[in-house]
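Chemist:
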Amino acid sequence: MNAHQSQCVWTRAVTGLVPALAVLLWTFAAVALTPEEIATYNGPDRQKVLEEGAKKEGRVAIYSGMIVDQALRPMAEAFEKKYPFLKVDYWRGASPQIIQKALAEARAGKVQVDVLESTSLAPGLVRGGVVQKFHSPESDSYPKHLVDPNSMWASTRLSYFGAAINTEMVKKEEAPKTWDDLLNPKWKGKIAWRVGGGDTGAELFVTNLRLLWGDEKAEAYIKKLAGQDVVGYTSSARQLVNQVMAGEYAIALNIFLHHPLISAQKGAPVAPNPMEPIPSLNGTVLMAKSAPHPYAAMLLIDFMLSKDGQETFLAGDYFPANPALEPSKELKAIVPSVIGMKEQFISPDEVNDMNKQSSEWIKKYFR
Amino acid sequence: MAVRSARPLRLSPAVVVLSVVLLALIIPPTIFLVQTSVHETNADGSFGAFTLRYFGELFGNPRLFGNLVNNVIYAFGSAAVAIAIGTALAWIVERTNTPMRRYVFLLSIISLGIPSVLYTVSFLLLLGKAGPVNDLLRLAFGSGGPLVNVYSLWGMIVVEGIDFSPLAFLLLSSVFRANDASFEEASLMSGAGLWKTFKNITLRLAMPGILALLILVLIRAFESFEIPALVGRPGRVYVLTTDIYDSIHTQVPPNYGEAGAFSIILLVIVVIMLVFYNRLSRRAERFQTITGKGFRPRVMDLGKWRYATAATLGVLFAIIIGLPIAIVLYASFLPYYDGVRLASFSTMTLANYAHVWGSSSFRDSIGNTIIMGLVTASLVGPFTALCAWLAVRRVRGAAFLDQLATMPLIFPAIVMGVAFLHLFLHLPFPFYGTLASLILASSVRFLPYGMRYSYAGVLQIHKELEEASALSGARQTTTFLRVVLPLVAPAIVTCWLFVFLVSVKAVAMAILLAGPGSQVVAVTLFDLWDNGQVTELAAMGVIWAGMMTVVSVAFYMLARRYGLRVH
Amino acid sequence: MLDVRDLHKQYASQGGRPGGGVFGASLHIADGELFTLLGPSGCGKSTTLRSIAGLETPDTGHISLGDTVLFDAASGALVPLYDRDIGMVFQSYAIWPHMTVFENASYPLRVGRKKFGAADVRKRTVNVLERVGLAEYIDRPATHLSGGQQQRLALARALAREPKLLLLDEPLSNLDAKLREQMRHELKRLQRDTGVTTIYVTHDQSEALAISDRIAVMEDGRIAQVGSPRDIYNRPTSEFVAGFIGRTNLIRGDLAAAVGGGALAEVVTSTGALRCLFPAAAAARKGIAVVVRPEHVVISKDSAVDGDGNRLAGQVVSEIYLGELMEYVVATDVGTEMLVRTAPGKHIGVGDRVRLSFAPEHTVAVAGVAGA
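Chains as they are written, first to last, in my numbering: chain V, 684 to 1050; chain E, 4 to 570; chain X, 3 to 374.
1) Report the residue ranges of all alpha helix (DSSP H) runs contained in full by the stretch 873 to 940 of chain V; include only those spanning at least 4 residues, in chain order.
2) Using a Cβ-Cβ cut-off of 6 Å (strictly less than) and excluding sequence neighbours within five positions of E/ALA82, which residues of its own chain qualify?
3) Could you name the residues of chain E that X/LEU181 contacts, counting a contact when the two beta carbons are closer than 8 Å?
4) Using a cut-off of 9 Å between C-beta atoms, extract the partners of V/VAL813 located in chain E.
5) Count Cβ pairs between the stretch 54 to 73 of chain E and the stretch 833 to 840 of chain V that sit closer than 8 Å; are there 3 or more?
6) Expressed to the nearest angstrom, what Euclidean distance is found between the alpha-carbon atoms of E/PHE432 and V/GLN783?
7) Name, please, each residue of chain E whose Cβ falls closer than 9 Å to the Cβ of V/ASN1035.
8) Can you tell me whether X/LYS288 is helix, strand or coil according to DSSP?
9) Can you list, in chain order, the residues of the stretch 108 to 135 of chain E whose Cβ is nearer than 7 Å to any Cβ on chain V?
10) How many angstroms separate the CA atom of E/PHE434 from the CA atom of V/LYS816?
11) How many whole angstroms separate the CB atoms of X/LEU40 and X/ALA210, which I take to be in contact at a CB cut-off of 8 Å?
12) With H, G and I counted as helix, E and B as strand and the rest as coil, what does DSSP make of V/PRO943?
13) Taking three-plus beta-carbon pairs below 8 Å as touching, is the stretch 483 to 498 of chain E in contact with the stretch 95 to 103 of chain X?
14) Does any C-beta atom of chain X lie closer than 8 Å to the C-beta of E/SER22?
15) Whole angstroms are fine: how far does the CA of X/ALA137 sit from the CA of E/ARG564?
16) Span of the beta strand (DSSP E) holding V/ILE1017?
17) If I follow the unbroken beta strand (DSSP E) through X/ASN312, where does it start and stop?
18) Tell me which same chain residues have a C-beta within less than 6 Å of the C-beta of V/ALA979, skipping the five on either side of it?
19) Starting from the Cα of X/SER364, find the closest Cα among X/GLY119, X/PRO231, X/ASN251 and X/THR338 and give me that residue.
20) Start and end of the alpha helix (DSSP H) containing E/THR387?
21) I'd like to know if X/ILE54 contacts chain E, where contact means its C-beta is closer than 8 Å to some C-beta of that chain.
22) Just the Cα atoms here: how many angstroms apart are E/THR44 and E/THR54?
23) Please list the segments of the beta strand (DSSP E) lying wholly inside the stretch 762 to 823 of chain V, counting only runs of 3 or more residues, in order along the chain.
24) In three-state terms, what does DSSP make of X/SER28?
25) Report the partner residues of E/GLY69 according to the DSSP bridge assignment.
26) If you check the beta carbons only, do E/ALA444 and E/MET410 fall under 8 Å apart?
27) For X/VAL123, name the three-state secondary structure that DSSP assigns.
28) Report yes if the C-beta distance between E/VAL383 and E/LEU450 is below 8 Å; otherwise report no.
29) Look up E/GLN406 in the DSSP assignment and say whether it is helix, strand or coil.
30) Per the contact definition of three or more C-beta pairs closer than 8 Å, is the stretch 874 to 881 of chain V in contact with the stretch 245 to 259 of chain E?
31) Is the stretch 333 to 346 of chain E in contact with the stretch 133 to 141 of chain E, if contact means three or more CB pairs nearer than 8 Å?
32) Ignore the nearest five residues each way along the sequence and tell me which others in V/ALA754's own chain have a CB closer than 8 Å to its CB.
33) Listed in chain order, which residues of the stretch 416 to 436 of chain E have Cβ atoms closer than 8 Å to some Cβ of chain V?
34) Determine the chain E residues that contact V/TRP876 at a beta-carbon separation under 8 Å, and present them in chain order.
35) Could you confirm whether any beta carbon from chain E is found closer than 8 Å to the beta carbon of V/TYR773?
36) If you run the structure through DSSP and keep just helix, strand and coil, what is X/SER77?
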C-alpha cells in the first residue's frame, strides 16, 4: 500500500468516526440530562426527547387530591391512551397526607412519587425542599398569577368560595349580600362554618377579609361576627352543605360554591350565595425532586395542563385553570367573571402565611 | 429423664421470644412518639430543636381544666353506657333462655360492619335539629317545647357509648358464656333473687372482663378525635383532643408534637391502670369458672320474665342497630339528603348503589381489604392468646408482655400511621406501600383489644386443668395447644371477628400506609365522606355491612364446626 | 419406695396472716402402700403432696421415688413434673370439658414421652375405664358425666399409664355422704387390685381410718404422728392427734414417778387416781393428758360394776340417738363431763344417775404437754 492510499484510509476512518462520535456524544448527552434539565428543557425537539426518555421509564406515579372515579382515573386513562407505553400509578389522598408521604420519602431517600397535585399543597412541598423547578409550554397561555414565578408550580384547577343558604329558611330577599348582612340578629345561631380542617373554611373566610380590608378593620368585623354564635363544624365542606340542605343551619360560610349549585340542580332546598369579593384558590401540580421517572413526569404534567387533559376532569366538577377551556355549563353560574362579581385570588403562599393568624382569631373569638 | 437445676432464674424462652417480637414492633413507633413530642418539626418534616413547648402548651392551656372535666365526664359516661348495654345484652344472650337471643350476635356483627363515620353520622341525622326525633317532639309539644340537642356532652356520651357497645357485648359474652351455671344456681337456691344473683355472682365473676373493657373505653374516649369533633364541637363542647386536633392541622407540614405529648401522658395513665388491673386479677383463682368439676354451662330459666327481657332486647336493638341502619338505608336511596320527609320517598333511586358498585376503585380494593382483615385477625388472636396465657399464669416476665401489648392503645391512629410510615420507609427492603405493611401496622394497633379478650378468656380456666395435663406427662407447649387453646377458643373466635371487622374499617393508618397497589375499602369510604357524598357513602356502607356479615357468619360457622364445643 | 426427707417449703405471709408451709417433713412409704396425709386445713398436707407431684418446688429437702431422685436441694436436682412417673387426682377432678371420656382418660398415653400406638392406646384406655366402671360412657363428652362419674374418670386418667405413684388430693370431698362411703370401698379395692403405691390427702379422719394402711397426722407443717389406723386411734402420741382423731375424753393429771413403756401406772387427777396405760416411757411430771374413747366407757344404772377398772359416777345431762349408737354426755360428780357411746337399748335417759367405768388399757396416757 502506498502513502496516498493509507492517507485515504485514515481520512475515511476519521470522516467515518466523527459522525459516529457525534451521534454517540449526542446520545450520551441526552441520557445524561439532569432531572432539572429535563424539567426545564426548551428545545424544539422537546416532545421527542421527552417521549424517548419516557419510553425507557415505562411508568409514572402521581399523588393527587382529585376524586378517583370522576377525575383522576379518567385523566390517567386518557393519558395512557395518548402514550400507550406509559402506565400511571395513581394514589389519592388529602393534602396533608400527600405532604407527609412526599417529605417522608424524600428524607428516607426512597422517593417513589413523580408528580403531586392538589389544593393547599405548594407551600408545604416547596418549603420542605422536595420539589423542583419545571416548565411546561402548556402553561405559557395561563394568566400570570396562575403560574409560579419561581417555576415550582402551575395551576391545574380553581375553586371559588362563598356562602350557601337553605332556601326554605332564607328567602331570596333576605339572602345576605354584604358582609354586614351577616351581622343581622335574625341569623344568630343559624350560621356555621368549618374549623380545624385546614385552611379553606373559617380560616380562609378571615384571610379573605384581611386581604380586603387590612387587619384592623377585619378584626373589628370578626369580633362582631362572633356575637352571632357561629357554629364551628369539623368535616368536609361538602358535608356542611349537606347539613344546610337538611335544615340544621340556615347559612354556611366559605364553602365551595359549586356544591350547593349542583345540589340545587338536583332539586335540593339550597342555593349558592356568592358575596364580593369571591375568594378563589388554585389546585397546583408540582414535580418531585429526584423523581424516579422525570421524562414521564413532564409528559404527565404537560397533559394535565393541556386542554385535552383538563377536559377529562371536568366531569369531577372541577374548574379548569386552562384559559382555553370553559367551565362546564352547569357550573358557570358561580364563576365570578360570568356573573359579574369581583374575584379575589389568594395565592398559595398568601393562604399559608396568613393562616396562623386567622386561625388564632377564630380560636380567640369563637370558642 | 431430664434433670435441670432447681430454681431456674432464667426466663421461659417463650416469654423471651414474644418480648423480642413485641419490642421490635412497639419500640420504633414509641421512639417516634417521644421524639415528636419533644422536637420541633422542620419544613422538610425532619425533627428540629429540642423543646418542651408541647407539654407546656398542654398544661398551659387556659382551658385545660374545663377540657379535662369534660373529657372525664365524657370518658366515664360513655364507658358506663357501653358497659351497661354490653353487660345487659351479654347476660340476656348467654345466661338466660330469652327467646330470639341468638340474633343478637348476628346483629352486633352487622353493626360493627358499618363504617364508623357513617354510624356516627346516622345518629346525628337521627337526633339532629332537623332530624326525625326532633320532628316528632315538635309534633307532640309544638315548636316551643323541649328539643333534643345532640351536639352536647350527653350527645357525645350517647354516641360514643353506643358505638362501643358491640365491643362490650362481644367481650362480655365470651366471659359469660364460660360461667358455670352452678355458681348462679347456688345463689338462687340460697334465696337470693335474680337481681341479687346477677349483682353478687354474675357481675363479680365477670369483673376482670368488665374492668378490661373499662380500660379500653376510657383510653379510647380520652384519645378520640372524631366524635368530639363531629358531635362536641358544633355544640361548643371541648375536650382535650379538640385543641390537639387543631394543632395538627394549623401547620404545614402537620405537627404532631402536642398529640405526641398528650399520648405520653396517656401512656403513664395506662401503665398505672394496668398495674391496678393486674393486682385485681392476681387472685386469679377467684375468677376461674371453667373448672373440671361438673362444668356445664346451663342457662337460667327466667320463666315469664323472659318476655320482659325479650322486650328489652328489642329496645336495645332498635337503638343500637335498628335506627342507625334504618337511617342509613333510607339515605342510601336518596339523591341527596335533606332530612327525613315523606316527600323524599318519591325521589328514591338506586343510583347510589349503581355508582358504588360501578366504581372500580371500590371493587378493586375489596380483595385487598378482606385479605388484610383476615390476616390481621389471624395474627392478633393466637398471638395475644399466648401472651395472655403466660401473663395470667404469672410466668416470670410475662406481665411485661401484657403492658407492651396494651401500649398501642395510647397512640392516636394518625400518629401511629405517621410513625409506621417513617419506620417502613427506612427498612432496607421494599416494604413501604405494600399490603403487608398495612397488615403489620393494623396488627400492632389491635393488639390491645386482642389482649383483653384473651386475658379474660384465660382467666376463666382453672389452673388445675393445666396441672392435670402436666402431670399426665405433657410439656408446656402440648398443654397450651391441647388444653388451653381449645378452652380459650370461644374468646379467641369473638376476638377474631371483632378485629376483622374493625381493622377493615380503620381509615387513619390506611390513608398513609396504603400505596397505589394496596388500596383498601376504608380509604374509599373515607373519600366519599370527605367529599360529602353522604348518600353514596350510605349505599357503600350498606353493601359493605352486608359483605362483612356474610364473611363473619361464614367464619363463625367454620369455627363452630371445628372447635367451639364448649358452647 | 417413696422417700421424703426433711422437706421444707415456706410460703410468704399474706395480709397479716403468717404464711403456711411445710417445715421438715420426712416420710418413707413402702411399695403398694396406701398412705394417708391427714390433718386440718393449713397443716401442710397439700403442700407436701404438691411437692411430691412437682407442682411446687420445696426450699430444701429430698424426694426420691424408687431409684429416681425427683428433688434434692443440696445437689440441685429437679425432675420437671411432666417427667415424673406419677398420676394425680385433683380435688376438683380437673376433667377437661372439651374432650370426651376416652380423650380424657387416654391423654397421658397420647402426650407423654413414651409413645404408644393407636391400637395400644385404645386397649389400655378401655381397660382402665372398665376398672373404674365407666366403659359404657367411653365416647360421651366428659361434661355429660355426674360428679361421681367424673371423679372416677379422673382416677382412670391418673392410672392410665400405670404410674409408680398415685396421688389423691381430697378426691371424695365433693361427693355426698352416701356416695363418699361407697367410693371409699371402691378406692380401697382398686388400690389393692392394681397394687399402686398411693398417697391420699384428706382432712376427714374417719375416711383416713377407713382406707389407709398407714396414716401421717400433720399439724402446722409438721408430722405429728405416723402409724397404722389402730395405732393412731388407740395410741395417740400427742393431744392434738388424740383430739383430731375421733371423739375423745381428755383428762389431765399428775404422774408421781417415772414409768416404762407399755406399763400401767397411776395418774392422780381431779376425778381421783386413774390407772393408765403408758405406751411410751414417761418421766414424772404434772399436767399429763390421759384419753378415754367414748365407746370404751361402760355406762350403767346399776350401782355395782365389776372389774378393777377406773370408775366414776355422775348424772346424764344429754342424750343423742344415732341409730346404731346412743351418745350420752354425763356430768361426773367431780365436775368434769364425759362423752359416752354405747349400744342403744339401755333405757338410760337424761337426769338418770349412772356409773361409768373404763379399763386401764383404754385409759391411754398421751405424750403431749399440757396446753400443747
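Even for Gly, the Cβ is constructed at its ideal location relative to N, Cα and C.
Modeler: Quick answer:
1) Correct list: 885 to 896, 898 to 909 and 920 to 929.
2) LEU217, VAL220 and LEU221.
3) Within chain E, no residue comes near X/LEU181; the closest Cβ sits about 13 Å away, beyond 8 Å.
4) Scanning chain E for C-beta atoms nearer than 9 Å to the C-beta of V/VAL813 yields ASP47 and GLY48, reported in chain order.
5) Because the criterion of three Cβ pairs below 8 Å is not met, the stretch 54 to 73 of chain E and the stretch 833 to 840 of chain V do not touch.
6) A direct Cα-Cα distance of roughly 21 Å separates E/PHE432 from V/GLN783.
7) Going along chain E in sequence order, the residues near V/ASN1035 (Cβ under 9 Å) are VAL255.
8) It is a strand residue.
9) In summary, the residues of the stretch 108 to 135 of chain E whose CB is separated from some CB of chain V by less than 7 Å are GLY131, LYS132 and ALA133, in the order they occur in the chain.
10) Their backbone Cα atoms lie some 30 Å apart in a straight line.
11) Between X/LEU40 and X/ALA210 a beta carbon distance of about 4 Å is seen, short of the 8 Å cut, so the two are scored as contacting.
12) Helix at V/PRO943.
13) Cβ pair count under 8 Å is three or more, so yes.
14) Answer no: the Cβ-Cβ gap between E/SER22 and chain X never drops below 8 Å.
15) Cα to Cα, E/ARG564 sits roughly 27 Å from X/ALA137.
16) Taken as a continuous stretch (DSSP letters only), V/ILE1017 belongs to no beta strand (DSSP E), as it is neither H nor E.
17) From DSSP, the beta strand (DSSP E) with X/ASN312 extends over 312 to 323.
18) So the qualifying residues of the chain are ALA737, GLU740, VAL743 and LEU769.
19) Note on residue identity: the sequence assigns His, not Ser, to residue 364 of chain X. Per the Cα distances, X/ASN251.
20) Membership of E/THR387 in the alpha helix (DSSP H) is indicated by the continuous run 363 to 395.
21) No, because no Cβ of chain E sits closer than 8 Å to the Cβ of X/ILE54.
22) Cα-Cα distance, rounded: 10 Å.
23) Counting only runs of 3 or more residues that sit fully inside the stretch 762 to 823 of chain V, the beta strand (DSSP E) segments are 770 to 775 and 798 to 802, in chain order.
24) Strand, per DSSP.
25) None; E/GLY69 has no bridge partner.
26) Their beta carbons are not under 8 Å apart, which means E/ALA444 does not touch E/MET410 by this criterion.
27) Residue state, collapsed to three classes: helix.
28) Yes. Within cutoff.
29) In the structure shown, the three-state DSSP call for E/GLN406 is helix.
30) Contact between the stretch 245 to 259 of chain E and the stretch 874 to 881 of chain V is established, with three or more Cβ pairs separated by less than 8 Å.
31) With a cut-off of 8 Å, the stretch 133 to 141 of chain E and the stretch 333 to 346 of chain E count as touching, because enough Cβ pairs lie within range.
32) Non-local beta-carbon contacts of V/ALA754 in its own chain, meaning distances under 8 Å to residues more than five positions away in sequence, involve THR995, PHE996, ALA998, GLY999 and TYR1001 in chain order.
33) Flagged, chain order: VAL421, LEU424, HIS425, LEU428, HIS429, TYR435 and GLY436.
34) The CB of V/TRP876 never comes closer than 8 Å to any CB in chain E; the least such distance is about 11 Å.
35) True, the Cβ-Cβ gap to chain E drops below 8 Å.
36) Of the three classes helix, strand and coil, the one that applies to X/SER77 here is coil, per DSSP.
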